[in-house]
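Numbering (the numbering used here), first residue to last: 89 to 256.
Working notes, structure below.
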């Protein structure tokens, strides 16, 4: 492959990842039907599903999962799609991931769960959803912090109080 051909390939792949970022479920489905792997990942290890989940595109998330994308495929930083959706507060994306077998904890290599991520950003509705679906509010990350501790550390008082955290 020449340098020019490689540059065109890289540009074409960047467009594919933009389809996931922008939630173009129909275009993603068409590419998968033509042989594109549903778990295609970019240079950061972000899968198409990770990008669709992080940007809140439930139809693209559903399309990718129904095509066989792994709901728990981690990026190079060890983050899962459910953790990305918890960080951003995308309830419907989380529900879709869980319906397709995603691990409710979605822990990163440092032990931070999706619940801890939601708590850190005062996303009490997401916290309730995750706990209702089996997330462990007493889980600890590698620093020994629970979701309530993480919320308190981040100044997310509403979430800390919601979990009965330190000082509440």
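Note that CB positions come from ideal geometry on N, CA and C, so glycine has one too.
Owing to the predicted nature of the structure, the values given are computational and were not obtained by experimental measurement.
- Residue 205 holds the alpha-carbon nearest to the alpha-carbon of residue 247 among 190, 205, 99, 135.
- By the Cβ-count criterion, residue 98 is exposed, with fewer than 16 other Cβ atoms from all chains shown falling within 10 Å of its own Cβ.
- With respect to the C-alpha of residue 238, the residue from 220, 186, 199 having the closest C-alpha is 199.
- Fully enclosed beta strand (DSSP E) runs of no fewer than 3 residues are not present anywhere in the segment 159 to 201.
- Linking residue 212 to residue 115 through their CA atoms gives a straight-line distance of about 34 Å.
- For residue 95, the enclosing alpha helix (DSSP H) begins and ends at 91 to 110.
- With respect to the 8 Å criterion, residue 155 and residue 120 are classified as neighbours on the basis of their beta carbons.
- Nearest to residue 151 by C-alpha distance, out of 102, 136, 106, is 136.
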